[in-house]
Amino acid sequence: MIARLLARTAGFALGAALASHAAAQEARTVLPLASDWRFAGQDAPADAAKPDFADGGWQAVSVPHTWNRVGYYHHDLGGTNTAATVAKKMGVGWYRNRFDAPADLAGRKTWIEFDAASRVAQVWLNGVLLGEHRGGFSRFRLDATAALKPGQSNVLAVRVDNSQPAAGSSTSDVLPLFGDFFVHGGLYRPVRLISTAPLHVDMQDFGGPGLYANTAAVQGGDAQVHVRLRLTNDAGKPALASARIALIDRDGKVAAQTTVKQALGVKATQEVAADLTVAGAHLWQGVADPYLYRLRAEVLGADGKVSDTVEQNFGIRTMRFDADKGFFLNDKPYVLHGVGYHQDRDGKGWAISPADVEEDVATMREMGVNSIRLTHYQHGQTIHDLADRYGFVLWDEVPLVSAWTMMGKMEPEPALVANVRQQLSELIHQNYNHAATAIWSIANEVDFGNSLPAFVRGGTDGQTPDPMPLLNMLQKQAKSEDPSRPTALATCCEGRLFGADVAIPETAVAADLGGANRYFGWYFGKEQDLGPALDQLHAKRPVQPLSVTEYGAGGALTIHTDNVLGGMPDSRGAAQPEEYESYIHETALAQITARPYLYASWLWNSFDFATTVRTEGDAQDINTKGLVAYDHKTRKDAWYFYKANWSDAPTIRITGRRYAARAYGITDVKVYSNAESTELLLNGRSLGKREGCAQMVCVWPAVALDAGENRLVARGIRHGAAVEDQITWTLSPEKRGHIVIDTGTLVAAKSKTRLLGSDNWFEGGEVASLDKPADYGRKAEPARIDGTGERDAIATYRKGSFAYHIPAPAGRYKLTLWFPAMAGQAKGGFDIRANGKPILRAFEPAAPATDAAAVARTFDVTSNGRIDLEFKAGTAPARVSLIELDAQ
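Structure representation (structure tokens):
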């Protein structure tokens with residue numbers, strides 16, 4: 006049976022005031038094309054588009070579908086993809102579908118509608134080429150009227166190509182050219198056949214609904230809504246059309262309505278406009294009250310019969326952005342805090358269902374999100390509809406990411422310019438009516454300048470393409486197509502984040518709003534540099550509203566640290582502990598909250614996502630900056646940090662549950678809690694209560710764990726509701742008297758003989774490594790170190806003048822210090838004192854004949870509850886790689 010395109014959304018009963026509704030539904034019909042597809046994962050012969058082509062050997066699939074599976078973890082947490090199941094092929098795939106077209110479609114107009122096909126699609130119906138669409142993220146329609154066979158079997162064939170753009174390739178002019186995300190191939194959103202009468206709402210307006218409305222003004226409780234309707238007459242004679250336009254409230258009552266008339270010539274399209282006055286308008290108030298009306302346009306012919314109807318959800322609201330005071334919703338300050346969002350997930354790629362998106366939105370709502378940055382391309386209607394329904398404010402983005410030229414060219418190709426203009430028009434037209442949509446973003450990180458490798462950025466001899474002409478063109482286009490919304494773009498690099506030889510273009514001036522992607526403490530700088538950097542941008546452009554569009558760090562589920570300050574994270578390698586991700590978010594949120602001039606902040610990212618430019622953390626081809634793993638279910642500690650701060654729901658989370666086998670017997674315990682008072686218990690013993698914890702971060706320092714199992718319970722009450730969390734850590738009995746500190750490192754090395762802890766209990770000094778770390782396009786280069794079975798531990802060290810204050814149960818210990826010795830090291834020695842007494846004077850590890858070697862020295866020391874070690878630079882900086890204490 007034919008499903009009706011305009012089936013009413015749950016919760017909207019239109020009532021007797023619109024008795025013509027049933028007739029209107031008959032005017033436009035839709036046939037979903039979800040099943041009975043055949044798929045070939047490679048290019049096919051030229052006759053594959055013909056109806057009689059033998060496709061019986063092709064794979065049977067349903068649509069949505071993608072042939073790609075990308076990204077997996079090196080463990081069994083957070084996803085099901087494995088090295089054996091991933092499929093990263095980029096290229097051509099073919100789809101064929103047989104469907105029966107109802108006989109009553111004769112004499113009507115029909116279109117094949119694709120919600121997305123990545124990234125280039127050619128479409129045939131019954132062997133007739135209907136057309137091509139270039140762009141992998143937007144809805145498009147192709148006129149199928151002449152090729153359709155009503156009352157018969159029809160064959161739809163689609164050739165899809167998601168090849169990586171390269172000079173001369175089939176996708177060289179289709180954005181994105183580059184990006185830190187994988188562009189999946191296939192028909193990954195729904196496909197359908199739509200039928201209308203010859204007199205209908207325009208179906209060929211960049212995939213848009215043909216019906217557009219915006220809130221022109223709200224004053225004295227009343228609202229003015231401006232409506233535009235595009236009418237098309239595909240009949241062979243002129244037509245006189247009437248359009249009944251109405252806003253319907255939730256109770257099915259007409260809140261405002263009007264009728265406009267328009268004469269239409271043969272095969273003509275004409276736009277008409279109307280203004281609706283809504284008395285006592287119920288405003289769309291974000292997450293507190295996301296009230297939606299139903300905007301409805303009925304098209305009637307000269308005979309008074311309804312020939313077409315279009316309906317859209319519509320929220321009446323005003324939004325504005327102030328450079329000093331932030332964002333205002335309906336003239337009231339409204340703090341926007343949210344997440345970036347990619348549309349892929351483990352096991353499905355981009356072929357996700359509405360239920361998947363609803364699950365993601367539920368995860369965001371539970372966390373306390375009230376805004377989403379839809380990155381870095383146009384997302385589907387499901388997320389927009391849900392944002393309308395739940396009150397999320399959206400940033401919508403066109404896929405102009407990082408690069409717009411290739412092979413050293415200084416100007417973009419005309420076809421690429423046309424493609425980005427097309428994709429911007431599709432983005433705006435298809436999402437114009439969403440109350441949630443607040444911003445049109447025209448670019449992301451096109452200001453790398455010469456900081457990117459030449460093969461990405463283009464340019465030769467130090468020259469780089471200038472993004473401003475293209476950005477200015479898109480700015481003008483966006484303001485022309487939708488003057489009611491501001492434009493924005495996200496920058497990465499302004500503000501001298503790199504060396505003096507890096508030239509960064511100032512692109513923020515191209516848009517109405519600014520957005521800063523800043524990863525202090527991760528890719529550059531110190532974590533506390535974020536706030537001052539934002540202040541500098543605000544001072545530089547005091548009249549342009551500013552937001553933080555990305556911030557964060559990688560967080561690996563199976564990688565942990567004992568001290569987030571113990572060493573440097575490896576943003577391109579393995580050292581990406583879950584605890585450091587939390588630390589970056591804690592420090593960043595404090596700085597963002599302290600700056601009320603910011604109109605919004607969006608952390609990066611809601612969920613881990615697929616990318617083929619990363620081998621880092623505990624994953625392959627996954628960006629691990631998500632607060633939730635790639636399965637979209639496993640939540641990292643940082644997710645609970647935001648829930649405790651952003652949500653009013655009672656929240657308690659003991660951090661570090663995945664770091665279950667502890668390296669040290671004495672450790673801080675951190676709990677995210679918004680309870681009025683939070684109590685921590687260890688194996689039934691109360692360790693005290695915490696109240697008024699800054700940023701909802703409660704800490705119990707220097708907790709002594711028991712040998713064996715340690716059951717930690719945190720509990721409290723919020724709004725009269727009890728809330729509790731519990732985890733179990735283990736401490737092997739030998740770790741009570743055996744402490745091994747891998748110095749100079751954020752993540753302790755793996756040892757075959759013992760459990761090492763990461764650098765801890767230090768004061769002063771700097772971290773260093775004998776290894777060359779991974780970088781963009783380059784793997785880490787480990788040094789050769791002789792004289793030890795603990796190569797990885799010896800490779801990192803602390804240097805300079807520094808001290809360690811190590812908590813250790815009272816008693817005697819054997820202290821072993823391991824030092825790195827390097828070929829060509831500077832001559833000179835250093836001093837070491839233990840508990841105030843000298844144990845080494847002017848010590849200089851002998852330089853090895855090879856690259857490096859480990860040198861050990863052993864001493865007897867006594868603890869009265871703490872052992873103090875002092876390393877003092879002499880004629881050379883002091884250094885130590887490994888500190889081992891063994892109880893005697």
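Each number in our numbering comes from the position in the sequence shown (counting from 1) with 5 added on. Just so it is clear, CB atoms sit at the ideal spot from N, CA and C, and this is done for glycine as well.
Collapsing the DSSP output to three states places H810 in a strand. In the displayed model, G742 falls within coil according to three-state DSSP, outside both helix and strand. Between the alpha carbons of G396 and I657 lies a distance of about 26 angstroms. A distance of 7 angstroms or more separates the beta carbons of I671 and A624.
For R426, the three-state secondary structure derived from DSSP is helix.
A distance below 7 angstroms between beta-carbons, with the five flanking residues on each side excluded, links D534 to the following residues of its chain, in chain order: F525.
The Cβ neighbour count for T87, taken over all protein chains shown within 10 Å, is under 16; the residue is labelled exposed. Under the criterion of beta carbons closer than 8 angstroms, D60 and R43 qualify as touching, at roughly 4 angstroms.
In this structure, T855 lies near D791, with their beta-carbon atoms less than 7 angstroms apart. Shown here for R235: same chain residues with a beta carbon closer than 7 angstroms to its own, the five before and five after excluded, namely V206, D207, D210, G215, T274, E276 in chain order. Counting the other Cβ atoms within 10 Å of the Cβ of E696 gives fewer than 16, which makes it exposed. Secondary structure of W609 (DSSP, three-state): coil. For R139, no alpha helix (DSSP H) run applies; the uninterrupted beta strand (DSSP E) run containing it begins and ends at 133-139, by DSSP. Here DSSP, grouped into helix, strand and coil, assigns E586 to helix. Secondary structure at F646: helix, using DSSP grouped into helix, strand and coil. Every beta strand (DSSP E) of 3 residues or more that sits fully in the stretch 438-520 is shown, in chain order, as 442-449, 492-496.
Per DSSP, reduced to three states, the secondary structure at M415 is coil, with no helix or strand assignment. In this structure, the straight-line span from the alpha carbon of D636 to that of S489 is close to 38 angstroms.
When only Cα atoms are considered, Q348 and E316 end up about 26 angstroms apart. Spatial neighbours of P491 in its own chain (CB-CB distance under 7 angstroms, excluding positions within 5 residues in sequence) are listed in chain order as F326, I444, D517, L518. A direct Cα-to-Cα measurement between G62 and P195 gives close to 24 angstroms. When DSSP assignments are scanned along the stretch 365-422, the uninterrupted stretches of alpha helix (DSSP H) that are 4 or more residues long and fall wholly within it turn out to be 386-395. With fewer than 16 neighbouring CB atoms inside 10 Å of its own CB, T863 falls in the exposed class.
Contact check for P853 against A828 passes: the beta carbons are separated by less than 7 angstroms. Collapsing the DSSP output to three states places P338 in a strand. Contact check between the stretch 78-98 and the stretch 156-166: three or more CB pairs, one atom from each, fall below 8 angstroms, which counts as touching.
Between the alpha carbons of N869 and E889 lies a gap of roughly 17 angstroms. For M701, the three-state secondary structure derived from DSSP is helix.
Judged by DSSP in its simplified three-state form, H231 adopts strand. Contact annotation: V344 and V366 have beta-carbon atoms that are not nearer than 7 angstroms.
Of the candidates W609, P814, T554, K545, W609 places its Cα closest to the Cα of G560.
Beta-bridge analysis with DSSP links E276 to R235.
Contact annotation: the stretch 168-175 touches the stretch 402-412, with at least three C-beta pairs closer than 8 angstroms. In the same chain as G500, and ignoring 5 residues on each side of it, the C-beta atoms closer than 7 angstroms to its own belong to A538, Q541, L542, in chain order. Within the stretch 29-106, the complete beta strand (DSSP E) segments of 3 residues or longer fall at 34-37, 42-45, 64-66, 97-105, listed in chain order.
The alpha-carbon separation between K242 and T115 amounts to approximately 19 angstroms.
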